[in-house]
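Residue numbers (my numbering): 789 to 895.
A virtual CB, placed ideally from N, CA and C, is assigned to each residue, including glycine.
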Amino acid sequence: MPKILIRNLNNTLIDVPSSNDSILKIIQDNQIDWMFACGAKGRCTTCKLVIHKGLEQFGEPSENEQKFLDLGRLKENERLACQNTLQDDIEVSVADANKFPHITYTD
Numbered sequence: 789m790p791k792i793l794i795r796n797l798n799n800t801l802i803d804v805p806s807s808n809d810s811i812l813k814i815i816q817d818n819q820i821d822w823m824f825a826c827g828a829k830g831r832c833t834t835c836k837l838v839i840h841k842g843l844e845q846f847g848e849p850s851e852n853e854q855k856f857l858d859l860g861r862l863k864e865n866e867r868l869a870c871q872n873t874l875q876d877d878i879e880v881s882v883a884d885a886n887k888f889p890h891i892t893y894t895d
């Protein structure tokens, strides 16, 4: 069973049953607030994950992700939570620019 570890949310660990759901949906299903201004359509970068471990398990960037990489709005170690599914364990953080003011982060 794959796991998502969110480092700057008190090392929150999510066990993920086999699923084709997006990483964003999995995070939301676990009652974790995660920004997604465009409604999870891949049109913005507010749901981006900063990936610390497991980047190799992501496939090629989606067309939208590649556009944001080319524009410099995503770094090489960042991907959109709404555009990717989970294949194996990952360790991620909420990007600084996308932190909610009502949540205490543990950077």
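CA-to-CA distance, residue j to residue i, given in whole angstroms
| i | j | result |
| --- | --- | --- |
| N798 | Y893 | 7 Å |
| N808 | L874 | 8 Å |
| L843 | N886 | 20 Å |
| C835 | M789 | 23 Å |
| I891 | R861 | 23 Å |
| D821 | V882 | 10 Å |
| D817 | Q845 | 22 Å |
Residues bridged to residue i [DSSP beta-bridge criterion]
| i | result |
| --- | --- |
| D876 | For D876, which the question treats as bridged, DSSP gives no partner whatsoever. |
| S810 | T873 |
| D882 | Residue identity check: residue 882 is Val in the sequence provided, not Asp. Its beta-bridge partners are L837. |
| T800 | I794 |
| G868 | For the sequence presented, residue 868 should be read as Leu rather than Gly. Answer by DSSP bridge pairing, in chain order: K836. |
8 Å contact criterion, which residue i and residue j should meet: CB distance rounded
| i | j | result |
| --- | --- | --- |
| R867 | E853 | 6 Å |
| I878 | I839 | 6 Å |
| A825 | S810 | Wrong, their Cβ atoms sit about 15 Å apart, outside the cutoff. |
| I794 | V804 | With 8 Å as the limit, I794 and V804 do not qualify as a contact, their Cβ atoms being about 12 Å apart. |
Buried versus exposed call for residue i [16 or more other C-beta atoms within 10 Å across all chains shown]
| i | result |
| --- | --- |
| F888 | exposed |
| L801 | exposed |
| N796 | buried |
| C872 | Residue identity differs from the one stated: residue 872 is Asn in this sequence, not Cys. So N872 ends up on the buried side. |
| L812 | buried |
| L859 | exposed |
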